[in-house]
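Count along the sequence shown from 1, then add 10; that gives the number in the working numbering. Glycine included, C-beta positions come from ideal geometry on N, C-alpha and C. Source: prediction; values computed, not measured. Read through the structure below, which is laid out as structure tokens, and then see the notes.
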Amino acid sequence: MNIAIIGCGVYSMAMAKRLSKVKDNTIKVWTEDEKKVKEFKDTNKVKSIFKDEIFNKNISISNNYKDVLKDADIIFLMTSANFLKSTLKEIKPFYSKKAGIIIGTKGIELETGKFFSKIVKKGLKTNNIGVIAGPSFAIDILNDEILALTVATRKGKLFKKLNNIYRETNTKLERSRDLVGVQLSSVLKNIYAIGSGIYSGMGHSESTTAIYLNKVIKEISEILYMFDCSEFTLLSLATHADMIMTCSDSKSRNYTYGTKIAKSKKEADKFLKNNTVEGYTVLETIYNLLKKKKIKAPLLYIIHDIVFANMDKKEIEKELLK
């Protein structure tokens, strides 16, 4: 199977390595960085991403869209959220409608609040779209840990193709038809992970975190309902499992950012300067979207006000007792 991955970050290269375990998979990764292209051609390494990792021979890296997209059966979009829309314009001349599009980019369009599945559908004029999400740190993908992911797609053939390219890779895929719900959950869990980090940074125990997560589940359930999402999405890997991981592990930048907030604004700002924190990036957009729809989400609103309006962090403690 011919696989194109648009984006050459940590997550993209970890996924490329996993997919390369299947010998009849051919993986082409696109990057704009000519240095990475040359380095990989010479050494089969990308030291700026994984210093000591030698990648398999069925992976190649190019800065030419035409080369990467030629004969692609599946295209993974894994660019930064800020560049997704412009990326669609770049790939459109070389994109074949026979190819399935899998959106791995997390987030929503910040200016409009539109979900990426709708943007891709309009930009490429295709319905052959899926969204992949679930509990998966890049280092765990790279190190061949057991992986389980949700794929949201209305196209049964596309899901079968994905199952085929992931065979023998220690990966289990579950299917959802709820594209909006899976994308929304992927955004929300990053925001709530900031809150979980705040609790942890304030010195609270696992018992308090458990109470917080229970309230988060109820809050996400209400949000999904108000967006007309499937009732099954709440317990999917993309929602429940990913939330547990992101809200409790220091490998999560969102969680770590929350712990920094609990210590001081100076530490939090320093962390933001040196790290991409997805929950922070989308927080204002999601806040406005929920307020517009008049959705009850007290924890999310408190997280927003702590981050952007200097609300006393103790307000998030008080919410647990309500």
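Residues sharing a beta bridge with ARG185, DSSP | VAL161
With burial defined as no fewer than 16 other Cβ atoms inside 10 Å of the residue's Cβ, what is the status of ASN138: buried or exposed?
-> buried
When burial is assigned at 16 or more other CB atoms within 10 Å of the CB, is SER44 buried or exposed?
-> Checking the sequence, you will find Glu at residue 44 rather than Ser. Label assigned to GLU44: exposed.
Is the CB-CB distance between PHE242 and THR266 below 8 Å?
-> no
C-beta contact flag for ALA91 and ASN12 at 8 Å | no
Nearest to MET253 by CA position, among MET236, GLY268, ILE230, is which residue?
-> ILE230
N-terminal and C-terminal residue of the alpha helix (DSSP H) that PHE318 is part of | 308 to 318
Contact the segment 34 to 52 vs the segment 188 to 195: 3+ CB pairs below 8 Å | no
Would you mind reading off the limits of the beta strand (DSSP E) that contains ILE13?
-> 12 to 16
Within the chosen definition, does the segment 16 to 34 reach the segment 59 to 69 through at least 3 CB pairs nearer than 8 Å?
-> yes
Output the distance between the C-alpha atoms of ASP315 and GLU325, rounded to the nearest integer angstrom.
-> 10 Å
Bridge partners of SER70, per DSSP?
-> LYS38
Could you check what DSSP says for TYR305 in three-state terms: helix, strand or coil?
-> Here residue 305 turns out to be Ile, not Tyr, going by the sequence shown. Here ILE305 sits in coil by DSSP.
Opening and closing residue of the alpha helix (DSSP H) in which VAL78 lies | 75 to 79
Could you give the distance in angstroms between the alpha-carbon of TYR176 and the alpha-carbon of LYS170?
-> 10 Å
Using the rule of at least 16 other Cβ atoms within 10 Å of the residue's Cβ for burial, across every protein chain shown, is PRO145 buried or exposed?
-> buried
Which whole runs of the alpha helix (DSSP H) in the segment 205 to 240 are 4 residues long or more, in chain order?
-> 216 to 236
Are the beta-carbon atoms belonging to THR295 and GLY114 less than 8 Å from one another?
-> no
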